[in-house]
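Going by this note's numbering, the letters in the sequence shown line up with residues 29 to 133, in that order. For every residue, glycine included, the Cβ atom is placed at its ideal position computed from N, Cα and C.
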Amino acid sequence: MKFKKHVFVCTNDKEAPKKCCGSERGMALVDAFKEELKDRNLLTEIRAQKSGCLDVCAFGPSVVVYPEGIWYGNVQPSDIKEIVESHLVNDQPVERLQLKFAPKA
Ligand code: FES
Numbered sequence: 029m030k031f032k033k034h035v036f037v038c039t040n041d042k043e044a045p046k047k048c049c050g051s052e053r054g055m056a057l058v059d060a061f062k063e064e065l066k067d068r069n070l071l072t073e074i075r076a077q078k079s080g081c082l083d084v085c086a087f088g089p090s091v092v093v094y095p096e097g098i099w100y101g102n103v104q105p106s107d108i109k110e111i112v113e114s115h116l117v118n119d120q121p122v123e124r125l126q127l128k129f130a131p132k133a
């Protein structure tokens, strides 16, 4: 595996008035992840990048972290340090931001 963790941040933009992550600071979240990872010298181990629609628009701004497949919703720039410290560095997902889905049969 190339990265220990791979973070996808939705930056999709839709026509108003549909809710979408791009208009709700999706790109600011990507920049905040990159800045925090750079400050911690983790850019070679952990990658954060923008993505298209992750299909959870109503819960955005949305983020998904692999390889675990942990989803986060309503993520704000002020949450990024906590996600990096707790989840990406210490493998403890941030419970209060998690989106939980029923397992697929
Ligand atoms: S617009 Fe972000 S999940 Fe659809």
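In the DSSP assignment, find the unbroken beta strand (DSSP E) run with Ala76 in it and report its ends. One-based indexing of the sequence shown puts residue 76 at position 48. First-last of the beta strand (DSSP E) with Ala76: 74-79.
Which residue wins for smallest C-alpha separation from Val84, given the options Glu113, Leu70, Lys46? Stepping through the sequence shown from its first residue, residue 84 is reached at position 56. Here the closest residue by C-alpha is Lys46.
Leaving out five residues before and five after Pro95 in sequence, what residues of the same chain have Cβ atoms less than 8 Å from its Cβ? As a position in the sequence shown, residue 95 is number 67, starting the count at 1. So the qualifying residues of the chain are Met29, Lys33, His34.
Ligand 1 heavy atom lying under 7 Å from the CB of Leu82: As a first step, residue 82 is located in the sequence shown; it is residue number 54 there, counting from the start. Result yes, Cβ under 7 Å from ligand 1.
Pick helix, strand or coil for Phe129, following the three-state DSSP scheme. For this step, residue 129 is matched to residue 101 along the sequence shown. Three-state DSSP puts Phe129 in coil, outside helix and strand.
Would you say the region 118-127 touches the region 61-68, given that touching needs at least three Cβ pairs under 8 Å? no
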